[in-house]
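Novice: Below are the structure tokens for one structure; questions will follow.
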Amino acid sequence: MNNRAERKTISCCVVTLSLALVAWVVSLTPGAAGPGALTPAPDKLEVCKFPGIEPGRILLETGCRYDGSLVIASSNVTLDCQGATIANTTRRGIIIRPGLQNVVIRDCRLHDTGGILIEGQTPADDPEARENARANSSSGVVLEHLTISESFMTGVFVDHYVVGAVIRNSIVEDGHHVGIYLEHGSRQNTVSGNLIRNNGLFTNYGVRRIGPTRREGLSVDGSAKNLIENNTFERNALGGIMHYKNCWEFHTTNPESRPRLQGSDDNVIRGNVFRDMDIGIWVASRQSRDLVMWDCGDPSPYENPVSLELMMGERPWGRSDRLNGYHFNPELIAGFVDKRALAPRWPFPMGLHLFEDFAEDNTYSGNCFERVKTGIRIEDDHNTVEANRFIGDFEYIYLGSPFRSRVLNRPIEGTVIRDNMHVSPSGNSFLQNSFLAEGEHEGTILRQEGSSVLQQDNPQAERC
């Protein structure tokens, strides 16, 4: 071989090796590929058995379907499914035990399972025990490039008092319950770069959920200081993100139930897209809901039941008020709806059982909303909505809480709404497309100058 040919051969090998190295590095770089499993699945899958789980890198076979549940009980484990499928289990697909360090789950498909559980500690009911549970939480848990579909439980459940878990670049879709759930007492978790769609539409029996029984893409239930960024929320039944602190539900029937002592506070929600749903984000989403069937253990500041007369009087309705089920008859509580009730029926033979909800000091910035009924509904104090985009004519912001404001005489305080941009095909202003309930908020900072209007001929203004 002459020198020129030899140099050409070596050059080609170097280029090939370089491209392979670049592809390998890209595959390991968070966000370099789209969401979901990285390795394509073959048309036919062979049924295989799980390998033993020990510290180190565990590889599953791409062409395999693993039926059953996988439990990780050791630290320093990287489970690389290489696109394999975990399916057909009546339990969680993957369980990560509490108190572990450096557990990575990547490039997996989970179909028709109970999803993934990052297990937490259940502390005694005192402050020191709760802080110890957080201190001894698992650390370095990363879920990345997963495709989780048709879960009959939550797609990913971050359990109570888990700190610092990362869920990124994954697809969570078509689940019967919530897509991703951040449980009470958990903190400083990251949910980024995911596609969360079509969750909460049906029960496990295939019955379509109705009214408030529908579920959302992401629940932030008494979970604080989380970062939720650059996700896409599409076609989830009730909405994209629900912030709430549940009312210590089922406290008399569930021995595992614990009081929720932390609000859904101090979260940062930025750079996300919300489309094709009733509501993008609901802050304190149980502030105005009837919780009579939830067996709440929290004390209520209301003298329950509270009459619905307030909502049937002269107070105007925002679009998202209809999501609370006030238009339906009492059978909605039992999971039925009277389709003949096309308008509010008064008097109802019922009142509402209300409990205070808590979701304060959250920041919503740089998000985009399109083809929703309500962008952001705010029912608690000191939240900031800034530099978001609202594309279309719908209820951009709902600010108010009818029962807390008018029954407890406690309007929503200290909301900041500033520098948001919008495109209104009908030419409405930002405020014309928002519902700020009179007498239900105070100390609101509102700064929406003319510069906030996106021009419709701007390509960036057409869609999120």
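Counting in the numbering used here, the sequence shown runs from 610 upward without gaps. Glycine residues also receive a C-beta, built at the ideal position from the N, C-alpha and C atoms. Remember, it's a predicted structure, so these values are computed and weren't measured experimentally.
1) Quick test of the definition: if touching needs 3 or more C-beta pairs under 8 Å, does the region 996 to 1007 touch the region 1021 to 1039?
2) Could you check which residue in Phe-883, Pro-660 and Gly-927 has the C-alpha nearest to that of Gly-1001?
3) Please classify Phe-659: does DSSP put it in a helix, a strand, or coil?
4) May I ask you to verify whether the region 883 to 893 touches the region 968 to 977, counting CB pairs closer than 8 Å and requiring at least 3?
5) How about Leu-679 and Asp-716: do their beta carbons lie closer than 9 Å?
6) For the alpha helix (DSSP H) that Arg-1013 lies in, which residues bound it at each end?
7) Can you confirm whether the region 871 to 888 touches the region 823 to 841 when touching is taken to mean that 3 or more C-beta pairs between the two stretches lie within less than 8 Å?
8) How would you label Thr-861, buried or exposed, when you count the other beta carbons within 10 angstroms and need 16 or more for buried?
9) Going by CA-CA distance only, name the one from Met-762, Val-767 and Ile-757 that's closest to Ser-747.
10) Anyone know if the C-beta pair for Ile-1031 and Arg-986 falls short of 9 Å?
11) Of the residues Gly-702, Pro-1020 and Asp-689, which one's Cα is nearest the Cα of His-720?
12) Should Ile-695 be labelled buried (16 or more other beta-carbon atoms within 10 Å of its own) or exposed?
13) Reducing DSSP to helix, strand and coil, say where Leu-870 ends up.
14) What three-state label does DSSP hand Asn-808 in the structure shown?
15) Considering only the beta carbon of each residue, do Val-1016 and Gly-960 sit closer than 9 Å?
16) Using only the alpha-carbon positions, how far apart do Val-946 and Lys-658 sit?
17) Could you check what DSSP says for Arg-1152 in three-state terms: helix, strand or coil?
18) Could you check if Lys-854 is buried or exposed, using at least 16 other CB atoms within 10 Å of its CB as the buried criterion?
19) For Asp-930, count neighbouring Cβ atoms within 10 angstroms of its own Cβ and tell me buried if that reaches 16, exposed if not.
20) Would you identify the three-state DSSP class for Asn-933, choosing helix, strand or coil?
21) Three-state secondary structure (DSSP) at Phe-792?
Specialist: This is what the structure holds:
1) yes
2) Phe-883
3) coil
4) yes
5) no
6) 1011 to 1015
7) yes
8) exposed
9) Val-767
10) In the sequence under discussion, the amino acid at residue 1031 is His, which differs from the Ile named in the question. Not a contact, by the Cβ cut-off of 9 Å.
11) Gly-702
12) buried
13) coil
14) coil
15) no
16) In this prediction, Val-946 has a pLDDT of 36, which is less than 50 and means its spatial position is unreliable; what the coordinates show is noted afterwards. When rounded, the distance between both Cα atoms is 46 Å.
17) As shown, the chain starts at 610 and ends at 1073. That puts residue 1152 outside it, with no answer to give.
18) buried
19) buried
20) helix
21) The displayed chain sequence assigns Glu, not Phe, to residue 792. Coil.
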